[in-house]
Structure formats: structure tokens, C-alpha cells
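A quick write-up on the structure given underneath.
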Amino acid sequence: MQALVKTQKGIGYLELQEKPEPKPGVGEVLIEVKACGICGTDVHVKHDQFPYWPPVILGHEFAGEVVELGPEAEGIEVGARVVGEPHTQHCGHCYLCRTGNVQICAMKRSPGWGIDGAFAKYLVMPTKLLHRMPNGMSFDEAAVVEPTANCVTDIVERARLQAGDFVVVLGPGPIGLLSALTAKAAGARHVAIVGTPADEAVRLSKARELGLDTVLNLAETDPVEAVMDLTNGLGADMVIECSGAPPAIASTVKYVRKLGKICAIGLTGGTAVQFPWDDAMKKVCELIFNLSTQYTSWDRTIALIASGQLPAGEVISHREPLANWEKVFEDVEELRALKALLIP
Ligand SMILES: [Zn+2]
Ligand SMILES: [Zn+2]
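Position 135 of the sequence shown, counting from 1, maps to 135 under my numbering, and the rest follow consecutively.
So this is what it looks like as C-alpha cells:
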């Protein structure tokens, strides 16, 4: 089968290769991949900015159909339409696993960087990490479940957004837009999203098209002033930082109200951040760090998407055959794409 492989350590070294079809082991199934989204992680692996174990097939935001059961694979049948939590190889024994937090187990090796992933016709997954897609959900929509489950984990479950909250989202990339939609679905009264001139053409115009309450280009409007005007000088109940840009991270403290929350989602790629510690202290705000998805967020996310309450499929901008990967990665990196799907 054709697969998009990171062949060795270093910048680049991404190529389409012919690989043998995998075989499902004990408790695993073989899944025919119907769609797989390009994640920031895939781009980071391309540029050698995220841990990975080459040679490895990239891609973890997949949806597909079960086509073969391995020995002792239970609770699922051939023909089932599924998505999967990328928490493969968690140990099951450590403190984190035993407390239900397999997503941050030190032994975890996700498909797409730790083990072979879903930019290929087939991948294998343990049955215990699968979730069924409801009837009526398309494979394209299902491929956006994983990134959306990140937003639901971070914003709803960990930062506990409340109905009526005023929310600011910094960074209008796919995760920023999904965060804004998640905040809306969770009952935010007003969502303001902030971007730079580079975001104007694709990302901010999408934010407007999605009907977000206030869309701010920081080169044209002082976004902190705008948020203060909209909140009678109080500030935002929650600031969701999705850009990973150090100046934006520092600015979260300016937007947030006293006793408000900062929900951190974007990674900097390793840059140290100057943070106004004392200002945050004076605001008595909470800063919530996040990584990966909790089990509980998956079914919640699937239900929110299936009901139409969280129209995550709206952020899909590209749907291309796997063979066109190079051009699509370029569009993602040049900010010409939102969520891009590759179809093996
Ligand atoms: Zn992802
Ligand atoms: Zn563990």
C-alpha cells in the first residue's frame, strides 16, 4: 500500500512509499482509512520539532471502516465505522493509566509518530481505543473528531467553560476555529477571535463566515481595547490561547478578567515565553495547561458533531488524494488551508 512515511530523523525526509499492509495483532483490528486530517503535529514531525520514531507512517486524525479482526478482538465487528483515540501502547499500570489518564502515559506511542499511522490505506488499532461513528456522520466529519475532542477536553472538561461566558480565542487556525465553535456549543454568550494580517485571507474570513461574534485583525483594531469595550471594562471570562506565539501568550493576561481563566492549547515549538507573572497574580486568574484528549471527551464530541451543535466539518478546506500530499502540506504551512484531509 502507498503510505506517507517520515523516513529518518531530520528536517524533511517525508515521502510516499510502498509499504506492506499491516496485520492486526491480539485485541486489534485492521481499519481501512477513509479520511485522515493533517495535524500541526504532522507538520512538526516533518520539521523535526516533535518526538517521533522513524521510519514511521504519519497521520492520526483518521476515520475508517473495520475490515478484519485480530485474535481476541471483541466488541466490534467487520463493517463498523470508527474513529480511534491515539493513545496506543499506554502501559495500563502506571499512576496515570490507573487514574484513567492514559493519554499522558509516558509509554504512549501514537499512530503517526510513535507507530505507523493513517496516511495509508490501512492501519491497525486496539479495539479498546475505538469509538463508533453514528449513522449519518460522514467519514470527513469523523476525521475532525480527534482535533475537536482536544478542544472539548481542554475547554469544556478541564477549563469548565460556563454558559454565558465571554470568550476570547487567540489564533484562528483550525484548532482556534474549532475552539470558538466548541465555546459556542458550550454556551458562550460571545466569542471574539483574534488573528494577524497573515490570517486575514483564509482564517479570519472563515471566522466571519462561521458567524463568530467578533473577528479581530490585530493590525487594524486594538483587540484588548475591543474586548474591554465589549465587556464594560471587565475583561473576558475565558481566554483560549491557540496560537502558540509567545507575544500572544503574554497578552492573555491583558484580556482576562480578574478571577477569569486562561486555557492554554497552542504549543510554541520549544520557545521560552516571557510571561507577565505579577499581572497574572494581580488578576488572580487561573492558567490551565492541556495536552491530548480524555476518554470522556470522545463520545461527547461525537454527539456534539452529530447533533449539529458543533459544526466541526465547517473547518475542512481541503480534501485531496494522498498522492497530492506535498501540495496540501504546503498549503497548510503557508496558511492557505484550514483542516486538510488526505484520502488514501
Ligand atoms: Zn491532531
Ligand atoms: Zn501508563
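All C-beta atoms in this analysis are idealised placements derived from N, C-alpha and C, irrespective of residue type, glycine included.
No experiment lies behind these values; they were computed from the predicted model shown.
Where residue i falls: helix, strand or coil (DSSP)
| i | result |
| --- | --- |
| residue 281 | helix |
| residue 255 | helix |
| residue 89 | coil |
| residue 132 | strand |
| residue 360 | One cannot answer for residue 360 here, as it falls past the ends of the chain, which runs 1 to 344. |
| residue 123 | strand |
| residue 182 | helix |
| residue 2 | strand |
| residue 8 | coil |
| residue 47 | coil |
| residue 228 | helix |
| residue 192 | strand |
| residue 102 | helix |
| residue 141 | helix |
Residue i versus residue j: straight-line alpha-carbon distance, rounded
| i | j | result |
| --- | --- | --- |
| residue 236 | residue 99 | 33 Å |
| residue 325 | residue 131 | 27 Å |
| residue 142 | residue 38 | 14 Å |
| residue 71 | residue 330 | 41 Å |
| residue 341 | residue 122 | 16 Å |
| residue 134 | residue 176 | 25 Å |
| residue 146 | residue 84 | 8 Å |
| residue 221 | residue 302 | 36 Å |
| residue 171 | residue 309 | 22 Å |
| residue 63 | residue 288 | 29 Å |
| residue 207 | residue 213 | 9 Å |
| residue 129 | residue 87 | 7 Å |
Cβ pair residue i, residue j closer than 7 Å
| i | j | result |
| --- | --- | --- |
| residue 256 | residue 284 | no |
| residue 116 | residue 57 | yes |
| residue 262 | residue 35 | no |
| residue 150 | residue 293 | yes |
| residue 336 | residue 202 | yes |
| residue 73 | residue 127 | yes |
| residue 60 | residue 111 | yes |
| residue 264 | residue 241 | yes |
Requested in this report: Jot down the residue ranges of each uninterrupted beta strand (DSSP E) in the segment 262-324, minimum 3 residues, whole runs only, in chain order.
Outcome: 286-288 and 316-321
Query raised in the report: What residues does ligand 2 have around it, judged by CB closer than 7 Å to any heavy atom, in chain order?
Result: 90, 91, 92, 93, 94, 96, 97, 102, 105, 106 and 107
Requested in this report: Taking 6 Å as the limit, tell me which residues put their C-beta closer than that to any heavy atom of ligand 1, in chain order.
Outcome: 39, 41, 60, 61, 146 and 147
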